[in-house]
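Peer 1: I am attaching a structure below and will ask some questions about it afterwards.
There are 2 protein chains.
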Amino acid sequence: MTTTTSPRALEHPTRDQIRLEAVLHALADPVRLRIVCDMAREGTELSCSYFDLPVTKSTTTHHFRVLRESGVIQQMYRGTAKLNALRGDDLDALFPGLLDAVLAAAGAQAGREGEGGRGGGDGVS
Amino acid sequence: MTTTTSPRALEHPTRDQIRLEAVLHALADPVRLRIVCDMAREGTELSCSYFDLPVTKSTTTHHFRVLRESGVIQQMYRGTAKLNALRGDDLDALFPGLLDAVLAAAGAQAGREGEGGRGGGDGVS
DNA sequence: GCCGTACTACGATGCGTATCGTACGAGCAT
DNA sequence: ATGCTCGTACGATACGCATCGTAGTACGGC
Chain A
91 MTTTTSPRAL
101 EHPTRDQIRL
111 EAVLHALADP
121 VRLRIVCDMA
131 REGTELSCSY
141 FDLPVTKSTT
151 THHFRVLRES
161 GVIQQMYRGT
171 AKLNALRGDD
181 LDALFPGLLD
191 AVLAAAGAQA
201 GREGEGGRGG
211 GDGVS
Chain B
91 MTTTTSPRAL
101 EHPTRDQIRL
111 EAVLHALADP
121 VRLRIVCDMA
131 REGTELSCSY
141 FDLPVTKSTT
151 THHFRVLRES
161 GVIQQMYRGT
171 AKLNALRGDD
181 LDALFPGLLD
191 AVLAAAGAQA
201 GREGEGGRGG
211 GDGVS
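For the record, the sequence lines run as chains A and B.
Heads up: the first sequence begins at 91 in my numbering, then just goes up one per residue.
Heads up: the second sequence begins at 91 in my numbering, then just goes up one per residue.
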């Protein structure tokens, strides 16, 4: 039977199932932290293929799964693509200020290490 | 010379050597997160033996080492004891608000789980 | 000096996970 | 339909790490 709705369902934790340790663990990986920073910077839903990551497709899928199952992002299908969005409201309701602090920290660290060769573009507004 | 040269020297990262990923990774472990929360609650230097952790001494040493090498805590010997203190000022200078957000998040989660279902003594004063 | 306490060092072990390659399924274009 | 692109699933692998036990070192008290 060809279901008209999404044939593949994606499991997400509900808001009260989100665990702080899982979120921190998800954000502790450089690849995933970069994904989250990019998503926050764009502020809109992005497909997986938008990101230019230094790993293969398989690993990318793995990282997105970790982010989704930890409750950091939300995923939904749109045709062949899969859109990703930050669960900023859920995270902020559970852990106020945490996501902002991590994003600011990542930006600060990137700026700190990026300075010294680039001129004019600091990347963080 | 005030003979402050301790017989055992402990290596700490300097402030600008602290990496966000390492800090997040250190905080992502339940045992270490609990240690950090306890230290923040007491606000003073605490010996390793102060903590009542559900792991052996060896594992405790390992966790304290991870916390120290990631830059989250500072350790110094005082006689046979080893005192631990949060590097709150360094962390706040590097990643403003991050430690506070994590501590608040941990407290919120502990409170959330403590009220609804009785389970174990996860005492938070 | 001797012993107890506090912590460390080293080795072993089992589990999680980050990584890859390949094979596959779902949708879109021609 | 054929093929192409996007993403998934599964197996394999290697590394990290949380855990333990035991032996050892430093310091203080008796």
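C-beta atoms are modelled at their ideal positions from N, C-alpha and C, and glycine is treated no differently.
Every value quoted in this text rests on a predicted model; they were computed, and no experiment measured them.
1. Are any of the Cβ atoms in chain B nearer than 8 Å to that of residue 199/A?
2. Measuring alpha carbon to alpha carbon, tell me which of 107/A, 183/A, 159/A ends up nearest residue 122/A.
3. Should residue 147/A go down as buried or exposed, given a rule of 16 or more other Cβ atoms within 10 Å for buried?
4. Using a Cβ-Cβ cut-off of 8 Å, state whether residue 114/B counts as contacting chain A.
5. Strictly by DSSP, which residues pair up with residue 148/B?
6. Which residues of chain A have a Cβ atom closer than 7 Å to the Cβ of residue 192/B, listed in chain order?
7. Within the 8 Å Cβ cut-off, does residue 111/B reach chain A?
8. Would residue 130/A count as contacting chain B if we go by Cβ distances under 8 Å?
9. Residues of the stretch 155 to 189 of chain A in Cβ contact with chain B at a cutoff of 8 Å, in chain order, please.
10. Roughly how many angstroms separate the alpha carbons of residue 181/A and residue 168/B, rounded to a whole number?
11. Locate the alpha helix (DSSP H) running through residue 131/A, then write down its first and last residues.
12. Would the stretch 182 to 201 of chain B count as touching the stretch 116 to 133 of chain B if we require 3 or more Cβ pairs under 8 Å?
13. Kindly indicate which three-state DSSP category residue 99/A falls into: helix, strand or coil?
14. Within the same chain, show all residues whose beta-carbon is closer than 6 Å to that of residue 103/B, passing over the 5 residues directly before and after it, in chain order.
15. Cβ-heavy atom distance between residue 138/A and the ligand SAH below 7 Å?
16. Under 8 Å Cβ to Cβ from residue 107/B, same chain only, skipping five residues before and after it: list those, please.
17. Which whole-angstrom value is the C-beta distance of residue 143/B and residue 114/A, which I expect to be below 8 Å?
18. Which same chain residues end up closer than 6 Å to residue 135/A when comparing Cβ atoms and leaving out the 5 residues on each side of it in sequence?
19. Are there 16 or more other CB atoms within 10 angstroms of the CB of residue 99/A, so buried, or fewer, so exposed?
20. Give, in chain order, every residue of the stretch 97 to 108 of chain B whose Cβ lies closer than 7 Å to some Cβ of chain A.
Peer 2: Quick answer:
1. Position 109 of the first sequence, counted from the first residue, corresponds to residue 199/A. True, the Cβ-Cβ gap to chain B drops below 8 Å.
2. The residue you call residue 122/A lines up with position 32 of the first sequence. Here the closest residue by C-alpha is 159/A.
3. Within the first sequence, residue 147/A is the residue found at index 57, counting from 1. Result: exposed.
4. Position 24 of the second sequence, counting from 1, holds the residue named residue 114/B. Chain A contact via Cβ: present.
5. Here residue 148/B refers to the residue found at position 58 of the second sequence. Per DSSP, residue 148/B has no beta-bridge partner at all.
6. Your numbering for residue 192/B matches position 102 in the second sequence. Under a criterion of Cβ atoms nearer than 7 Å, the residues of chain A adjacent to residue 192/B are, in order, 188.
7. Taking the first residue of the second sequence as position 1, residue 111/B is located at position 21. With its beta carbon less than 8 Å from one in chain A, residue 111/B belongs to the interface.
8. Against the first sequence, residue 130/A aligns to sequence position 40. For residue 130/A, no CB of chain B lies under 8 Å from its own CB, so it is not counted at the interface with that chain.
9. Within the stretch 155 to 189 of chain A, the residues whose Cβ lies closer than 8 Å to some Cβ of chain B are 184, 185, 186, 187, 188, listed in chain order.
10. Walking along the first sequence from the start, residue 181/A turns up at place 91. Walking along the second sequence from the start, residue 168/B turns up at place 78. Distance between the alpha carbons of residue 181/A and residue 168/B: 41 Å.
11. Translated into positions along the first sequence, residue 131/A becomes position 41. Segment 120 to 132, the alpha helix (DSSP H) holding residue 131/A.
12. Yes, the stretch 182 to 201 of chain B touches the stretch 116 to 133 of chain B.
13. The residue you call residue 99/A lines up with position 9 of the first sequence. Coil, per DSSP.
14. Taking the second sequence and counting its residues from 1, one reaches residue 103/B at position 13. Answer for residue 103/B: 161, listed in chain order.
15. This structure lacks the ligand SAH, and indeed carries no ligand of any kind.
16. One-based indexing of the second sequence puts residue 107/B at position 17. Short of 8 Å from the beta carbon of residue 107/B, and not among the five residues preceding or following it, lie these beta carbons of its own chain, in chain order: 161.
17. For this step, residue 143/B is matched to residue 53 along the second sequence. For this step, residue 114/A is matched to residue 24 along the first sequence. Their Cβ separation, rounded to whole angstroms, is 19 Å, which puts residue 143/B and residue 114/A out of contact at 8 Å.
18. Along the first sequence, one-based indexing puts residue 135/A at 45. Hits under 6 Å: 173, 175.
19. The residue labelled residue 99/A in the question sits at position 9 within the first sequence. Exposed is the call here.
20. The residues in question: there are none.
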